[in-house]
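Chemist: Numbering (the working numbering), first residue to last: 24 to 129. C-beta: ideal position from N, C-alpha, C; glycine also. Below you'll find the structure I mean.
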């Protein structure tokens, strides 16, 4: 059981690490077709039990990479919203609509 248990956890971490690597590659390549979701999303394994202690450093490193990727995605989404708001103002010429004609005949 001990070797199977470690092997199962190692395989689960391999899958998770590939998922993080795919996100990191997408973030590194701005011209990649980001609209297409990954074909096989990672799903947490069930019934593995506790993580073996010798795999803890690897799991922590993967978690650190996941958090960094999530932070970068959030940063890029914020930048995208700001750019979109700026573009909307440029297209109309003004941030607030104002009257175009003023009747001065009075």
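Excluding the 5 residues preceding and the 5 following residue 29 in the sequence, name in chain order all residues of the same chain whose CB lies nearer than 6 Å to its CB.
Modeler: Taking the chain shown and counting its residues from 1, the one referred to as residue 29 is at position 6. Within the same chain, residue 29 has close Cβ partners 75.
Chemist: Using the Cβ count rule (16 or more neighbours within 10 Å means buried), how would you classify residue 39?
Modeler: In the chain shown, residue 39 corresponds to position 16, counting from 1. Burial call: buried.
Chemist: By Cβ distance, which residues of its chain are closer than 7 Å to residue 37, with the 5 residues on each side in sequence left out?
Modeler: Working through the chain shown from its first residue, we reach residue 37 at position 14. Counting only Cβ-Cβ distances below 7 Å, and skipping sequence neighbours, we find nothing.
Chemist: My output table needs one value for residue 68: the three-state DSSP class, helix, strand or coil.
Modeler: Residue mapping note: residue 68 aligns to position 45 of the chain shown, counting from 1. Reduced to three states, the DSSP call for residue 68 is coil.
Chemist: Among the candidates 70, 47 and 42, whose CA atom is the shortest distance from the CA of residue 94?
Modeler: In the chain shown, counting from the first residue as 1, residue 94 sits at position 71. With distances taken between Cα atoms, residue 94 lies closest to 47.
Chemist: If the criterion is Cβ atoms closer than 9 Å, does the pair residue 65 and residue 83 meet it?
Modeler: Start at 1 with the first residue of the chain shown, and residue 65 comes out as number 42. Start at 1 with the first residue of the chain shown, and residue 83 comes out as number 60. No. Outside cutoff.
Chemist: Helix, strand or coil, according to DSSP, for residue 78 in the structure here?
Modeler: Along the chain shown, one-based indexing puts residue 78 at 55. DSSP places residue 78 in helix when its eight states are reduced to three.
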